[in-house]
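Colleague: Mind having a look at this structure? Questions to follow.
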Amino acid sequence: MKMTAAAPRPAPSFAALFLVLTICSAASAAPPAPPAPHAPLALAEAAARAVLRSPALAAAAEEVRAAEAARRQDAARANPSLRVEEEEFGGDRDGFGEAQTTVSLARTFETGGKRGARLREGDRAVEAARARMERTKRELAAETRRRFVRALGLSERVRTLAATEATAAEFEATVRELVRAGEVSPIEAGRARNELALARLQRESAEAELAAAKAELVGLWNGAVDEADELAGPLDDGAAPPPLEPLLARAADAPDVVVEERAVAVRAAALDGARRARVPDVDVEVGVRRLRESGETTYVAALAVPLPLLDKKRGAIAAAAAELARAERGRDAETARAVAAIRAAHVRWTAARRQTDAIRGEILPAARDVLDAYAEGYRRGRFPLLDLLDARRALLDAELRLNDSMVQLGIARADLERLCGPAGE
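Using my numbering, read the sequence shown as starting at 26 and increasing by one per residue.
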């Protein structure tokens, strides 16, 4: 805003000077937050509650248990079959007098290493389920940080806007007194009312957004809304993004890439099992036969081997090979996406860090200096009241921009830590 001096005018009255002091002193002040029934909720506590009580993480743990149970079932060997046969009875013979009774046990023996391949596939499936659970943990931690940062940023935004509304209310009351004293035009009273109405709307809108953000935060662990009545912790802890190259080297450890890598391992084991399925299993049966007519006992044995003449499992092998190729392409695509996402998150974190430092170190002090200069100029009769209000709005805009920048800083950090793990690891 260009600070051009206006023609000298009479010095303001005591009420107008009080207005200047009100505007300046309220520039950075905020009303104290009301007491909360719960202790302030910090990010670490929110993350701990999410891990302990998250329905999504509990579902992922159940998936792991299901995979482990399936692996134990794969290790069980096939049950034998008991067969009882009665032959040569009835018809032209008298009842069971000349019948033959055979009692035998039959069992299928897997050949070609099929059982070992099945167990390896089960092991890979368990590892895949665990990788998905770890991905859920990483996503939960990142989403907890995102939602906490949003809620904490909105909480600070509400405090800033509440202070602005209080300033606008005092300004409106003071202007009314100036109008009664005939020192300013009644038009200024309308402007003051508009300023107050706008400040109230901004504060109410921010409060509604804050309530929604708190509900979303506690929803991660299915908690009560009052658990987030008050949030604690700095919105910006001053952390800078780590160097990019070491982060890119960890792209292969990104949760989505690890999940795809485990899927490749499962498909490779399935292909091995499909190839081994070409070797036919052997059915063996042994038993005892009782000849009632002579009272003799004999033994019986049988061996059955399927002949792989018509079904050579070529379709199953081709399908398993195609699934393996698809999984490998999916892993490669996910790796490329992880690299791009790491770069993008690093850029956003770096930019937000730079913007936050610039606003805090340069823009905010300059806006305060401008406000002080206009306040002094108004007291000396050099500037109109509207210029003073514009300077106050500029300071408020800088404060809100700093708030937005710090929120974006936390979100970018959450995105990067989801891919590469917590900063410093």
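Using N, Cα and C, we set each Cβ at its ideal position, and we do this for glycine too.
#1: So, for Thr322: in the same chain, excluding its five sequence neighbours on each side, which residues have a beta-carbon less than 8 Å away from its beta-carbon?
#2: Could you check what DSSP says for Val243 in three-state terms: helix, strand or coil?
#3: Between Leu328 and Val307, what straight-line distance do the alpha-carbon atoms span, to the nearest angstrom?
#4: Quick check on the DSSP output: what are the complete alpha helix (DSSP H) runs of length 4 or more inside the segment 266 to 303, in order along the chain?
#5: Just how far apart, CA to CA, sit Ala345 and Leu296?
#6: My output table needs one value for Asp308: the three-state DSSP class, helix, strand or coil.
#7: Assuming contact is defined by CB atoms lying nearer than 8 Å, are Glu110 and Pro280 in contact in what I supplied?
#8: Alpha helix (DSSP H) containing Arg143: first to last residue?
#9: Report the rounded CA-to-CA distance for Val325 versus Arg108, giving the unit in angstroms.
#10: With a 10 Å radius around its C-beta and 16 neighbouring C-beta atoms as the bar for buried, classify Ala103 as buried or exposed.
#11: How about Ala142 and Arg301: do their beta carbons lie closer than 8 Å?
#12: Among the candidates Arg145, Arg418 and Thr126, whose CA atom is the shortest distance from the CA of Arg99?
#13: Just curious, the alpha helix (DSSP H) that Val209 is in, first and last residue?
#14: Please confirm whether Ala352 and Asp440 have their CB atoms less than 8 Å apart.
#15: Could you check if Pro211 is buried or exposed, using at least 16 other CB atoms within 10 Å of its CB as the buried criterion?
#16: Could you give the distance in angstroms between the alpha-carbon of Ala290 and the alpha-carbon of Arg339?
#17: Hey, Ala71 and Thr189: beta-carbon distance below 8 Å or not?
#18: Where does the unbroken alpha helix (DSSP H) through Leu441 begin, and where does it stop?
#19: May I ask you to verify whether the segment 258 to 274 touches the segment 369 to 389, counting CB pairs closer than 8 Å and requiring at least 3?
#20: Sort out for me which residues DSSP pairs Arg324 with in a bridge.
#21: What does Gln125 pair with, by DSSP beta-bridge criteria?
#22: Would Ile342 and Ala299 be called neighbours here (beta carbons separated by less than 8 Å)?
#23: Below 7 Å CB to CB, which residues in the same chain sit around Val469 once its five sequence neighbours on both sides are set aside?
#24: Count the other C-beta atoms from every protein chain shown that fall within 10 angstroms of the C-beta of Glu229, then say buried if there are 16 or more, exposed otherwise.
#25: The alpha helix (DSSP H) that contains Leu349, what's its start and end?
#26: What does DSSP give as the partner residue(s) for Ala329 in the beta ladder?
Modeller: So, from the data block:
#1: By 1-based counting over the sequence shown, the position of residue 322 is 297. Result list for Thr322: Val313, Arg314, Arg315 and Leu316, in chain order.
#2: The sequence position of residue 243 within the sequence shown is 218, counting from 1. Helix, per DSSP.
#3: Here residue 328 corresponds to residue number 303 of the sequence shown, with the count starting at 1. Here residue 307 corresponds to residue number 282 of the sequence shown, with the count starting at 1. Cα-Cα distance, rounded: 7 Å.
#4: 269 to 273 and 280 to 301
#5: Residue mapping note: residue 345 aligns to position 320 of the sequence shown, counting from 1. Residue mapping note: residue 296 aligns to position 271 of the sequence shown, counting from 1. Straight-line Cα distance between these residues: approximately 5 Å.
#6: To locate residue 308, count along the sequence shown from 1; it is residue 283. In this structure, Asp308 counts as strand in the three-state DSSP scheme.
#7: Residue numbering aside, residue 110 sits at position 85 when the sequence shown is read from its first letter. Residue numbering aside, residue 280 sits at position 255 when the sequence shown is read from its first letter. Taking 8 Å as the Cβ cut-off, Glu110 and Pro280 do not qualify as a contacting pair.
#8: Position 118 of the sequence shown holds residue 143. That run of the alpha helix (DSSP H) goes Lys139 to Arg205.
#9: For this step, residue 325 is matched to residue 300 along the sequence shown. For this step, residue 108 is matched to residue 83 along the sequence shown. Approximately 12 Å between the Cα atoms of the pair.
#10: Within the sequence shown, the letter at position 78 stands for residue 103. The residue is exposed, with fewer than 16 neighbouring Cβ atoms inside 10 Å.
#11: Within the sequence shown, residue 142 is the residue found at index 117, counting from 1. Within the sequence shown, residue 301 is the residue found at index 276, counting from 1. In contact: Ala142 and Arg301 (Cβ atoms closer than 8 Å).
#12: For the purposes of this step, residue 99 is identified with residue 74 of the sequence shown, where counting begins at 1. Looking at the sequence shown, residue 99 is not Arg but Asp. Checked all of Arg145, Arg418 and Thr126; the closest Cα to Asp99 is Arg145.
#13: The residue labelled residue 209 in the question sits at position 184 within the sequence shown. Segment: none, Val209 is in no alpha helix (DSSP H) and carries neither H nor E.
#14: Mapped onto the sequence shown, residue 352 falls at position 327. Mapped onto the sequence shown, residue 440 falls at position 415. Not in contact: Ala352 and Asp440 (Cβ atoms no closer than 8 Å).
#15: For the purposes of this step, residue 211 is identified with residue 186 of the sequence shown, where counting begins at 1. Per the 10 Å Cβ criterion, exposed.
#16: Position 265 of the sequence shown, counted from the start, is the residue given in the question as residue 290. Position 314 of the sequence shown, counted from the start, is the residue given in the question as residue 339. Cα-Cα distance, rounded: 21 Å.
#17: For the purposes of this step, residue 71 is identified with residue 46 of the sequence shown, where counting begins at 1. For the purposes of this step, residue 189 is identified with residue 164 of the sequence shown, where counting begins at 1. No, the Cβ-Cβ distance between Ala71 and Thr189 is not below 8 Å.
#18: Sequence index remark: in the sequence shown, residue 441 carries index 416 (1-based). Per DSSP, Leu441 belongs to the alpha helix (DSSP H) from Leu410 to Cys445.
#19: yes
#20: On the sequence shown, position 299 is the one that residue 324 refers to. Here residue 324 is Tyr; the residue named in the question, Arg, does not match the sequence. Val313.
#21: On the sequence shown, residue 125 is found 100 positions in, with the first residue counted as 1. Answer by DSSP bridge pairing, in chain order: Glu112 and Leu316.
#22: The sequence position of residue 342 within the sequence shown is 317, counting from 1. The sequence position of residue 299 within the sequence shown is 274, counting from 1. Yes, Cβ-Cβ distance for Ile342 and Ala299 is below 8 Å.
#23: The displayed coordinates of the chain run from 26 to 450. Any statement about residue 469 would go beyond what the structure contains.
#24: For the purposes of this step, residue 229 is taken as the residue at position 204 of the sequence shown. When all chains shown are included, Glu229 counts as exposed.
#25: Start at 1 with the first residue of the sequence shown, and residue 349 comes out as number 324. Run containing Leu349: Arg339 to Ala383, per the alpha helix (DSSP H) assignment.
#26: Walking along the sequence shown from the start, residue 329 turns up at place 304. Asp308, per the DSSP bridge assignment.
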